[in-house]
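Participant:
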Amino acid sequence: MEAPWGAVLFKEEKESHTLYTVQFFDNIINVTLTSSAVEAIDWLNKTLSLHYNLLEKEELVVGIGVQWNPIKDDNQESCADILQLCIGDRCLIFQLSVPNAEFPVSLRTFLSNGKKKTFAGTMNVRECEKMLLKSRHQVEISRLFHVRNHAISASGERLVDKDSVGEVVEKCLGYQGMKFQKAVTGSKWDDLVLNDDQVLLATVGAYVSFRIAKKCRAWKWCGRK
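Heads up: the sequence shown begins at 25 in this note's numbering, then just goes up one per residue.
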């Protein structure tokens with residue numbers, strides 16, 4: 025996909041994961057798409073090693089995104105199909121619904137323990153928490169914050185619930201024209217192979233959550249410093 029605000033620039037398929045380079049305006053994001061516990065652990069360890077100082081200072085921010093199918097083909101109840109994490113310019117897209125996918129213990133511990141880090145998303149965080157718990161992995165995220173409820177716009181104003189993700193991004197980061205297409209947000213997120221449109225949306229969703237939370241010093245939302 026190529027949009028005025030972003031594009032998938034590079035894709036490299038490996039045996040257990042796929043690497044992407046995604047552009048969002050003037051930002052470059054390195055993405056790992058996988059359903060492999062081993063690859064997810066590798067991503068987490070490498071990412072935390074790059075941001076160890078922020079973790080020790082209790083200022084580590086993690087952008088969160090969750091995707092699910094509004095309607096399942098087999099009429100089963102909807103649950104989270106995709107979990108996105110973003111720290112800095114590194115993003116992990118983990119496919120929760122892939123058959124035989126195993127959710128790594130270390131990632132589960134990282135998400136369920138809010139000590140020294142802050143999780144933030146631009147979506148309806150209560151709905152996302154519910155969908156993650158309904159997945160067969162029953163993923164729990166400790167203290168997931170909704171940026172709309174805490175962030176301040178560049179002009180010093182509070183955000184409002186009716187703001188779209190694009191409006192939140194424009195008010196907080198100054199990037200104009202970002203819009204997620206309904207055809208992509210409502211697409212089949214439990215597919216074994218995601219298309220470039222889905223990868224772009226999933227990446228940018230988690231990335232802007234990270235950027236806004238970091239700019240607003242989200243660790244203060246937890247009462248830290």
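The C-beta atom is built at its ideal place from N, Cα and C for all residues, glycine as well.
Leaving out the 5 sequence neighbours to the left and right, which residues in its chain are closer than 7 Å to Thr71 when beta-carbon positions are compared?
Facilitator: Answer for Thr71: Ile111 and Arg114, listed in chain order.
Participant: Using a Cβ distance threshold of 8 Å, determine whether the segment 51-64 contacts the segment 80-93, with at least three qualifying pairs required.
Facilitator: no
Participant: Using the C-alpha atoms, what's the distance from Leu120 back to Phe127?
Facilitator: Near 8 Å, if we compare the C-alpha coordinates of Leu120 and Phe127.
Participant: Determine the burial state of Asn219: buried for a count of at least 16 other Cβ atoms within 10 Å of its Cβ, exposed for fewer.
Facilitator: With fewer than 16 other Cβ atoms within 10 Å, it is exposed.
Participant: Assess contact between the segment 208-228 and the segment 35-50, defined as three or more Cβ pairs (one per stretch) separated by less than 8 Å. Is contact present?
Facilitator: Contact annotation: the segment 208-228 touches the segment 35-50, with at least three C-beta pairs closer than 8 Å.
Participant: Given that a residue counts as buried once 16 or more other Cβ atoms are within 10 Å of its Cβ, and exposed if not, what is Lys186?
Facilitator: So Lys186 counts as exposed.
Participant: Are Thr142 and Val232 closer than 8 Å when you measure CB to CB?
Facilitator: no
Participant: Of the choices Ala207, Val171 and Glu39, whose alpha-carbon is the least far from that of Cys196?
Facilitator: Ranked by Cα distance from Cys196, the options Ala207, Val171 and Glu39 are led by Val171.
Participant: Based on the DSSP output, what are the partners of Gly87 in its beta bridges?
Facilitator: Cys110 and Ala144
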